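J.:
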Amino acid sequence: MCRVVARQARASAQGELHYPEASRRKPVEHAIDCTPEYDEFIAKLKDFHEARGTPFEAEPKMGNLTVDLLKLFNLILENGGYDKVSEEKLKWRQMCDGLGLSRTNAPADAYALKQIFYKNLAAWEIKTIHNREPPPPEILEFVTAKGGSLLTRTLENFHARGKQPGAPESPRSGDDGTPSRERKADETPSSGRASRELPEPSRRIIIQPVLHLHRIRNHTVKATQQLMGMAACLCSRRYSRLPFGDRRTLDTPSSNPEAFAKRQRLLRQPAPTANPYAILRHYLPAAHLEGPNIYERCLLALRSCIPAEQAFALNHLVKISYERGDKYKFVQFHGLAEGLTEKALEVGSLFYHVNWRVCYDPEMEVGLIDELDGVNGTLDILERISRLRPKDVQDGVQSADFTDQTMLITEAVLTMRNMVMLPENAYFMSDFITLKDLLCIILTLPNRDVVVELKHCALDIAEQITPFLILDADDPLYRTLLAQLKANDRGIILTVLRAIGRIAMNSPTETNKLDAVPSSALRNIMEWLLLNDDELMDACLDFLYQYTAVVSNLEVLLQTTSLEHLVGHLVRLMSHGAKKVHKDLIVSPEKQIPSRASDEVVPIPKDLLDRLLAMDEPERCYSWLRCLFEEDPDSQITQIAIWQAYNTAFLEPLKKGGRTMINAAEFIRNISQWTQTLDATGGHAARCGDWHLTAEKMWEHILVDHVGEKRGEDNKFHNKEITCTCRWAKCVKYPKPATLQLFAFGGHVKTHIMAEARSQAPHSASTADTSGPNLASFKRPKPKDVEPAKIVTLTYEETAIVRDERNPNGPPQAAGIPLSAILVLRNIARNVGKTKAEEALLKAHELGGEAGGWNERLFRPVTPRLFEIMTENRVLAPHVASLLQLLEPLN
Numbered sequence: 002m003c004r005v006v007a008r009q010a011r012a013s014a015q016g017e018l019h020y021p022e023a024s025r026r027k028p029v030e031h032a033i034d035c036t037p038e039y040d041e042f043i044a045k046l047k048d049f050h051e052a053r054g055t056p057f058e059a060e061p062k063m064g065n066l067t068v069d070l071l072k073l074f075n076l077i078l079e080n081g082g083y084d085k086v087s088e089e090k091l092k093w094r095q096m097c098d099g100l101g102l103s104r105t106n107a108p109a110d111a112y113a114l115k116q117i118f119y120k121n122l123a124a125w126e127i128k129t130i131h132n133r134e135p136p137p138p139e140i141l142e143f144v145t146a147k148g149g150s151l152l153t154r155t156l157e158n159f160h161a162r163g164k165q166p167g168a169p170e171s172p173r174s175g176d177d178g179t180p181s182r183e184r185k186a187d188e189t190p191s192s193g194r195a196s197r198e199l200p201e202p203s204r205r206i207i208i209q210p211v212l213h214l215h216r217i218r219n220h221t222v223k224a225t226q227q228l229m230g231m232a233a234c235l236c237s238r239r240y241s242r243l244p245f246g247d248r249r250t251l252d253t254p255s256s257n258p259e260a261f262a263k264r265q266r267l268l269r270q271p272a273p274t275a276n277p278y279a280i281l282r283h284y285l286p287a288a289h290l291e292g293p294n295i296y297e298r299c300l301l302a303l304r305s306c307i308p309a310e311q312a313f314a315l316n317h318l319v320k321i322s323y324e325r326g327d328k329y330k331f332v333q334f335h336g337l338a339e340g341l342t343e344k345a346l347e348v349g350s351l352f353y354h355v356n357w358r359v360c361y362d363p364e365m366e367v368g369l370i371d372e373l374d375g376v377n378g379t380l381d382i383l384e385r386i387s388r389l390r391p392k393d394v395q396d397g398v399q400s401a402d403f404t405d406q407t408m409l410i411t412e413a414v415l416t417m418r419n420m421v422m423l424p425e426n427a428y429f430m431s432d433f434i435t436l437k438d439l440l441c442i443i444l445t446l447p448n449r450d451v452v453v454e455l456k457h458c459a460l461d462i463a464e465q466i467t468p469f470l471i472l473d474a475d476d477p478l479y480r481t482l483l484a485q486l487k488a489n490d491r492g493i494i495l496t497v498l499r500a501i502g503r504i505a506m507n508s509p510t511e512t513n514k515l516d517a518v519p520s521s522a523l524r525n526i527m528e529w530l531l532l533n534d535d536e537l538m539d540a541c542l543d544f545l546y547q548y549t550a551v552v553s554n555l556e557v558l559l560q561t562t563s564l565e566h567l568v569g570h571l572v573r574l575m576s577h578g579a580k581k582v583h584k585d586l587i588v589s590p591e592k593q594i595p596s597r598a599s600d601e602v603v604p605i606p607k608d609l610l611d612r613l614l615a616m617d618e619p620e621r622c623y624s625w626l627r628c629l630f631e632e633d634p635d636s637q638i639t640q641i642a643i644w645q646a647y648n649t650a651f652l653e654p655l656k657k658g659g660r661t662m663i664n665a666a667e668f669i670r671n672i673s674q675w676t677q678t679l680d681a682t683g684g685h686a687a688r689c690g691d692w693h694l695t696a697e698k699m700w701e702h703i704l705v706d707h708v709g710e711k712r713g714e715d716n717k718f719h720n721k722e723i724t725c726t727c728r729w730a731k732c733v734k735y736p737k738p739a740t741l742q743l744f745a746f747g748g749h750v751k752t753h754i755m756a757e758a759r760s761q762a763p764h765s766a767s768t769a770d771t772s773g774p775n776l777a778s779f780k781r782p783k784p785k786d787v788e789p790a791k792i793v794t795l796t797y798e799e800t801a802i803v804r805d806e807r808n809p810n811g812p813p814q815a816a817g818i819p820l821s822a823i824l825v826l827r828n829i830a831r832n833v834g835k836t837k838a839e840e841a842l843l844k845a846h847e848l849g850g851e852a853g854g855w856n857e858r859l860f861r862p863v864t865p866r867l868f869e870i871m872t873e874n875r876v877l878a879p880h881v882a883s884l885l886q887l888l889e890p891l892n
């Protein structure tokens, strides 16, 4: 047997992993090569399966991948065939990798590939490669791929996996299981069913002690001799006649002539045709004859025309179509659509004296009133229905048979409704001509409560299949749908509007022209637009958008309705659900106005002037600067201006006192040295960034961290002389280093702390319950010379928007009722000028009538509102602009 050795990753000395080259290869992409060789292979394989009587799928699916049977067959043969690949562990996974069919679940992919080969190519391999006759389909294609070798499989040695011949059949699970109706369990646990489900008690086996062989033999001989002697004695002494068994009468021609006559009649009947599969099934064990799965079981029961079987089938089909709608398709079950339709057509016999029948004869001429054309459709179905004689059906009282039949018919239509929700099923049923006749029959039933659900299901079916249909004005289904617009049921109206609006939606060439819409339906649609119902308004606007796209329809709209009122209401709907939004737009931010260089200095008070005159230079200029100027990084003044102010203040007083005035150069040098000394001594020292909740903590922080004092052993500060400087908010009491007692300096610091606490007291009282310090009170005061920001307040409207799926990061786009309204207005503005009514209006103007055409009459009153919407609604602005371009002659 061939072994597959897996190469492991090797670790280098540096700890890096080196993988084999195969792991870095580019994955193989699987695709079908439509070559002449492939076509010939598929044709031969198809003929082989037809002769064998087994199903064949030319392009089987593995998920979303299509398997090339020729590539699969050649790859399996290169690896020794089906039996060889199945014997080797994990070999089917390698086959998936070799074909490029590996996905996320390797075991499932391997089994799926094995199943595809087993169903389609296994018998072909045995026949063509091994030149043997393949096993019958009952033990090959009709069973799963979990059996043993195919070359040695026969009817005698093959048994289903996990089952023994004659063993009772276990209930199936999974998708093939039957979804049964809910049943209550037996109330009596001692019933026969409950007892049958209990396990059988184990048998007691009495084990005798094993004796030696010669002891057993001697004992047996002696016992036999004794029994023979006793039997001889008993036979000689007590002989009695044994009674006969029960007597049975034997049938003879004279005693039972009827049985012999019946036997002769059976012998005279022709023998049935030979069926090789019947002989084969006779030899197969019971475990192999499991019967059809639930899908085929329901289909056969539905087509049997037996009421009990149809009730079983329809009950299960409703559940299957609802729960497994994505897998249950009409194309997979031949006759399912016909069976459901034929059952639904029985509704005619409940309300009319008619039994609808479908005739699939392509050459059928006009026949009886109850015969429906299943090939070309019944074009006069509505006329036939109008000639039917109705039955007297009361909503309140019905017979049991009527109720049962109604339930079965509703289940049949509901099954079709659930299945057509899948687009593939909807496309399939759109080509089923009889379905259109069925919808016409159901939708024209009398207005009774028992058919409300039936009509809603029929309308749902019509909504799903109309995108694939092309209906003209004379089509019976189109006329039937238009007639439903007279109903007063909101659900029916919504579904009908959507069904009519979707006609020919998926057709690449045809359009939905919506011809021959009754004027009463148009007036109803205009009235429904006035209701406060968003869903109904949206459906009506979609209908009007398609209706106004055709010029001839606008002609009808002008003649039968008041189009001026419709245009005015559509303009109002452009602001449906709009919200006024106010947004402040900052044109220019807030900025501080720089201070201009000022030559004006405030005059010195007389008492301060006397004190300054008593000082000598340079202390006089230093003190004068501290008294009249303060530091401001955002202000400026020139040294010439300072000298002029100083000279003006002290020149005359010094002359009167007979003292000399300092010259300008020396003055400027002194103030420059003073500012440099201020910087060197820490005049612009960095601020401490610590924050404390209480004044005590702040005072202790200053003494410990800034002064450098520590508590003693008694946890107290000791009073001693220190040299210190106070720099609290430009404090002028100790600007220079001074020697004083620690307690005196601590008291000085407390004055600053308490003054700051008192200034914050009013604000902190309102926030006393907060857990942290009041940081808002420490904000820097706002400068006085500030130019406020220039703000413009914009007011605009916001309506429904949606993001583009192709460009999610792009700007939002208009959506909803406002967009539908502007699109209808644009259709009216584009096409109303092409109507005959436009020509008649222009001729009337030439004869002295009102100037302008229909656009002038319809849109002139609402033009200001359109401009307003364009300026306030950003998402609708492009659409309104395109509308105004169509109305450009008005402007």
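Heads up: the sequence shown begins at 2 in the working numbering, then just goes up one per residue. C-beta atoms are modelled at their ideal positions from N, C-alpha and C, and glycine is treated no differently. Bear in mind that the values here come from a model prediction, so they are computed numbers and not experimental data.
Kindly list the residues whose CB is nearer than 8 Å to the CB of residue 655, restricted to its own chain and excluding five residues on each side of it in sequence; keep chain order.
T.: As a first step, residue 655 is located in the sequence shown; it is residue number 654 there, counting from the start. Around residue 655: 614, 661 and 662.
J.: Hey, is the segment 311-326 in contact with the segment 413-427, meaning 3+ C-beta pairs nearer than 8 Å?
T.: yes
J.: In or out: residue 203 buried (at least 16 other Cβ within 10 Å) or exposed?
T.: To locate residue 203, count along the sequence shown from 1; it is residue 202. Model confidence at residue 203 stands at a pLDDT of 44, short of 50, so the residue's coordinates are unreliable and nothing is read from them.
J.: For residue 794, report the span of its beta strand (DSSP E) as first-last.
T.: Walking along the sequence shown from the start, residue 794 turns up at place 793. Here the beta strand (DSSP E) through residue 794 covers 791-799.
J.: Would you please state the rounded distance, in angstroms, between the beta carbons of residue 91 and residue 102? I believe it to be under 8 Å.
T.: To locate residue 91, count along the sequence shown from 1; it is residue 90. To locate residue 102, count along the sequence shown from 1; it is residue 101. Wrong, their Cβ atoms sit about 15 Å apart, outside the cutoff.
J.: Where residue 337 and residue 445 are concerned, what is the direct C-alpha to C-alpha distance, given to the nearest angstrom?
T.: Along the sequence shown, one-based indexing puts residue 337 at 336. Along the sequence shown, one-based indexing puts residue 445 at 444. One C-alpha to the other measures close to 25 Å.
J.: On the CB-based measure, 16 or more other CB atoms within 10 Å of its CB, does residue 437 come out buried or exposed?
T.: Taking the first residue of the sequence shown as 1, we reach residue 437 at position 436. By the 10 Å Cβ count, residue 437 comes out buried.
J.: Please classify residue 564: does DSSP put it in a helix, a strand, or coil?
T.: Reading the sequence shown from its first residue, position 563 is the one you call residue 564. Residue 564 falls in the helix class under three-state DSSP.
J.: Sorted by chain position, which residues of the same chain lie with C-beta nearer than 6 Å to residue 354's C-beta, five sequence neighbours on each side aside?
T.: Taking the first residue of the sequence shown as 1, we reach residue 354 at position 353. For residue 354, where only same-chain residues beyond five positions count, the Cβ hits under 6 Å are 390.
J.: Is there a Cβ of chain B sitting closer than 9 Å to that of residue 523, yes or no?
T.: Reference to chain B is not applicable here, since this structure consists of a single protein chain.
J.: By how many angstroms is the C-alpha of residue 94 removed from the C-alpha of residue 111?
T.: Start at 1 with the first residue of the sequence shown, and residue 111 comes out as number 110. Start at 1 with the first residue of the sequence shown, and residue 94 comes out as number 93. Between residue 111 and residue 94, the C-alpha separation is close to 5 Å.
J.: Tell me which residues share the same chain as residue 386 and place their Cβ nearer than 6 Å to its Cβ, disregarding the 5 neighbours each side in the sequence.
T.: As a first step, residue 386 must be located in the sequence shown, where it is residue number 385. Excluding residues within five positions, the ones whose Cβ falls inside 6 Å are 445.
J.: I want to check one thing, is the minimum distance from the CB of residue 298 to the heavy atoms of the ligand FMN below 8 Å?
T.: What this structure holds is no ligand at all, so the ligand FMN is not there to describe.
J.: With distances taken from CA atoms, which of 322, 89, 63 and 72 is nearest residue 104?
T.: Position 103 of the sequence shown, counting from 1, holds the residue named residue 104. Measuring from the Cα of residue 104, the nearest candidate turns out to be 63.
J.: With C-beta atoms as the reference, is residue 572 less than 9 Å away from residue 802?
T.: Numbered from its first residue, the sequence shown carries residue 572 at position 571. Numbered from its first residue, the sequence shown carries residue 802 at position 801. Their beta carbons are not under 9 Å apart, which means residue 572 does not touch residue 802 by this criterion.
J.: Given a cut-off of 9 Å on the beta-carbon distance, is the pair residue 557 and residue 520 in contact?
T.: Position 556 of the sequence shown holds residue 557. Position 519 of the sequence shown holds residue 520. Closer than 9 Å, so yes.
J.: Taking all protein chains shown into account, do 16 or more other C-beta atoms lie within 10 angstroms of the C-beta of residue 477, making it buried, or fewer, making it exposed?
T.: As a first step, residue 477 must be located in the sequence shown, where it is residue number 476. Buried.
J.: How is the alpha helix (DSSP H) around residue 404 delimited, first residue to last?
T.: Translated into the one-based positions of the sequence shown, residue 404 becomes position 403. It spans 401-420 - the alpha helix (DSSP H) in which residue 404 sits, taken as one unbroken run.
J.: In whole angstroms, give me the CA-to-CA distance for residue 117 and residue 151.
T.: For the purposes of this step, residue 117 is identified with residue 116 of the sequence shown, where counting begins at 1. For the purposes of this step, residue 151 is identified with residue 150 of the sequence shown, where counting begins at 1. Linking residue 117 to residue 151 through their CA atoms gives a straight-line distance of about 15 Å.
J.: For residue 665 and residue 630, I'd like the C-alpha separation in whole angstroms.
T.: Reading the sequence shown from its first residue, position 664 is the one you call residue 665. Reading the sequence shown from its first residue, position 629 is the one you call residue 630. Approximately 19 Å between the Cα atoms of the pair.
J.: Would you list, in sequence order, the uninterrupted beta strand (DSSP E) runs of no fewer than 3 residues that lie entirely inside the segment 324-405?
T.: Qualifying beta strand (DSSP E) stretches, in chain order: 358-360 and 372-374.
J.: Report yes if the C-beta distance between residue 593 and residue 788 is below 9 Å; otherwise report no.
T.: Taking the sequence shown and counting its residues from 1, the one referred to as residue 593 is at position 592. Taking the sequence shown and counting its residues from 1, the one referred to as residue 788 is at position 787. Yes. Within cutoff.
J.: On the DSSP bridge list, what partners appear for residue 840?
T.: As a working note, residue 840 is residue 839 in the sequence shown. DSSP output for residue 840 lists no bridge partner at all.
J.: With DSSP collapsed to three states, give me the class of residue 741.
T.: Translated into positions along the sequence shown, residue 741 becomes position 740. Correct three-state label for residue 741: strand.
J.: Under the assumption that residue 822 contacts residue 542 (Cβ atoms under 8 Å), give the Cβ distance between them as a whole number of angstroms.
T.: Translated into positions along the sequence shown, residue 822 becomes position 821. Translated into positions along the sequence shown, residue 542 becomes position 541. Contact holds; Cβ gap of about 6 Å.
J.: My output table needs one value for residue 784: the three-state DSSP class, helix, strand or coil.
T.: As a position in the sequence shown, residue 784 is number 783, starting the count at 1. Confidence at residue 784 is low in this model, with a pLDDT of 48, below 50, so its placement is unreliable and the value that follows should be read with caution. Of the three classes helix, strand and coil, the one that applies to residue 784 here is coil, per DSSP.
J.: So, is residue 828 buried or exposed, given that buried needs 16 or more other C-beta atoms within 10 angstroms?
T.: Your numbering for residue 828 matches position 827 in the sequence shown. Classification of residue 828: buried, given that the 10 Å Cβ count is 16 or more.
J.: Given a cut-off of 9 Å on the beta-carbon distance, is the pair residue 800 and residue 577 in contact?
T.: What you label residue 800 is simply residue 799 of the sequence shown in a count that begins at 1. What you label residue 577 is simply residue 576 of the sequence shown in a count that begins at 1. In contact: residue 800 and residue 577 (Cβ atoms closer than 9 Å).
J.: For residue 579, I'd like the list of residues in its chain whose CB is within less than 6 Å of its CB, leaving aside the five on either flank, ordered along the chain.
T.: For the purposes of this step, residue 579 is taken as the residue at position 578 of the sequence shown. Cβ contact annotation for residue 579 (same chain, cutoff 6 Å, sequence separation greater than five): 798 and 800, in chain order.
J.: How many Å lie between residue 451 and residue 559 at the Cα?
T.: Locating residue 451 in the sequence shown gives position 450, where the first residue counts as 1. Locating residue 559 in the sequence shown gives position 558, where the first residue counts as 1. Whole-angstrom Cα-Cα distance: 40 Å.
J.: For the candidate residues 304, 377 and 330, whose alpha-carbon lies nearest to that of residue 341?
T.: As a working mapping, residue 341 is identified with position 340 in the sequence shown. Of the listed residues, the one whose Cα sits closest to residue 341 is 304.
J.: Distance check for residue 40 and residue 61, CA to CA, integer angstroms please.
T.: For the purposes of this step, residue 61 is identified with residue 60 of the sequence shown, where counting begins at 1. For the purposes of this step, residue 40 is identified with residue 39 of the sequence shown, where counting begins at 1. When rounded, the distance between both Cα atoms is 15 Å.
J.: With a 10 Å radius around its C-beta and 16 neighbouring C-beta atoms as the bar for buried, classify residue 641 as buried or exposed.
T.: Here residue 641 is taken as the residue at index 640 of the sequence shown, counted from 1. Exposed: under 16 other Cβ atoms inside 10 Å.
J.: Taking the straight line between their C-alpha atoms, what separation do you get for residue 227 and residue 140?
T.: As a working mapping, residue 227 is identified with position 226 in the sequence shown. As a working mapping, residue 140 is identified with position 139 in the sequence shown. In this predicted model, residue 227 has a pLDDT of only 48, less than 50, meaning its place in the structure is not dependable enough to derive any value.
J.: Between the beta-carbon of residue 975 and the beta-carbon of residue 794, is there less than 9 Å?
T.: This structure cannot settle anything about residue 975, because the visible part of the chain is limited to 2 through 892.
J.: Tell me whether the segment 403-413 and the segment 461-468 touch, counting them as touching only if at least three CB pairs, one residue from each stretch, are closer than 8 Å.
T.: Short answer: they don't touch.
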